Amino acid sequence: MLSEKTRVLLTQEEIREKVKQLAEAVSRDYKDKKPLLVCVLKGAVVFLADFMRFLSIPVEIDFMAVSSYGHSTTSSGVVRILKDLDSSIEHKDVIILEDIIDSGLTLSYLRENLLSRNPRSIKIVTLLDKPERRVTDIEPDYCGFRIPDEFVVGYGLDYNEKYRNLPDICILLEFAK
Ligand code: IMP
Ligand code: MG
Numbered sequence: 004m005l006s007e008k009t010r011v012l013l014t015q016e017e018i019r020e021k022v023k024q025l026a027e028a029v030s031r032d033y034k035d036k037k038p039l040l041v042c043v044l045k046g047a048v049v050f051l052a053d054f055m056r057f058l059s060i061p062v063e064i065d066f067m068a069v070s071s072y073g074h075s076t077t078s079s080g081v082v083r084i085l086k087d088l089d090s091s092i093e094h095k096d097v098i099i100l101e102d103i104i105d106s107g108l109t110l111s112y113l114r115e116n117l118l119s120r121n122p123r124s125i126k127i128v129t130l131l132d133k134p135e136r137r138v139t140d141i142e143p144d145y146c147g148f149r150i151p152d153e154f155v156v157g158y159g160l161d162y163n164e165k166y167r168n169l170p171d172i173c174i175l176l177e178f179a180k
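Okay, so the sequence shown: first residue is 4 according to our numbering, each after it adds one.
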């Protein structure tokens, strides 16, 4: 049973309210713009689906997949593009949508990579942030929840591709500190 291995950290109601607030802030800040939401696969896909429906501005979406962890729970620092964007981002206002920032290595790489493509602007929206674990100087422009240094799953986040479909965000007790 899932309930034996996990403990709820953030309920679906708490997540929904926070995602709505994030979308309202972005809608205000990007009024009269049409940003491109870049969803980092696969973890941010549930967040994107909810977030975009709370936006009151027009947006485009695109997807990128990068390898970070493989099958372990700590970042290797090696980032590889598995799937690139479909279109050019030149002169576009790009908003990177992430599920979680941990070491920051993935996003540092991604931001540098996208900056070299000459967008008008780049900002970062993350649902979760584990600031204690940071090894780079990257900071999100919008952050849902700051969470303690625990391995979490659900709402898109996985452990070895499992648990992405949990509606709540849960601590995986196997790794609980
Ligand atoms: P970073 O490069 O260490 O910042 O790692 C970022 C990526 O690692 C995220 O996009 C997630 O896919 C994954 N990740 C980091 N922490 C967790 C966690 O607690 N649960 C599930 N995935 C995580
Ligand atoms: Mg991710």
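Where is the CB? At the ideal position from N, CA and C, for every residue including glycine.
Values in this document were obtained by computation on a predicted structure and should not be read as measured data.
Item	Value
Exposed unless 16 or more other CB atoms sit within 10 angstroms - verdict on Lys128	Checking the sequence shown, residue 128 turns out to be Val, not Lys. Its Cβ being crowded by 16 or more others within 10 Å, Val128 is buried.
Simplified DSSP assignment, three categories, for Val1	A query on residue 1 cannot be resolved here, the shown segment of the chain reaching from 4 to 180 and no further.
Neighbour-count burial assignment, Asp152, 16 or more Cβ in a 10 Å radius	exposed
Ser59, enclosing beta strand (DSSP E) - first and last residue	Looking at the DSSP string, Ser59 is not in any beta strand (DSSP E), and its letter there is neither H nor E.
Endpoints, the beta strand (DSSP E) within which Tyr145 is located	145 to 149
Proximal residues to Ser111 (C-beta, below 7 Å), its chain only, five neighbours per side dropped	Thr139, Ile141
8 Å CB neighbourhood of Glu135 in its chain, flanking five on each side removed	Pro151, Asp152
Expected contact under 8 Å - CB spacing of Lys133 and Ile104 to nearest Å	7 Å
Where the beta strand (DSSP E) containing Arg83 begins and where it ends	83 to 86
Closer than 6 Å: Val2 CB and nearest the ligand IMP heavy atom	Because the chain in this structure spans residues 4 to 180, residue 2 falls outside the shown range and cannot be described.
Residues near Met67 by beta carbon distance below 8 Å, same chain, minus five either side	Val41, Cys42, Val43, Leu44, Ile84, Lys86, Asp87, Leu88, Leu113
Phe54 - DSSP class collapsed to helix/strand/coil	helix
Strand pairing of Tyr112, partner residues [DSSP]	Answer by DSSP bridge pairing: none, since Tyr112 is not bridged.
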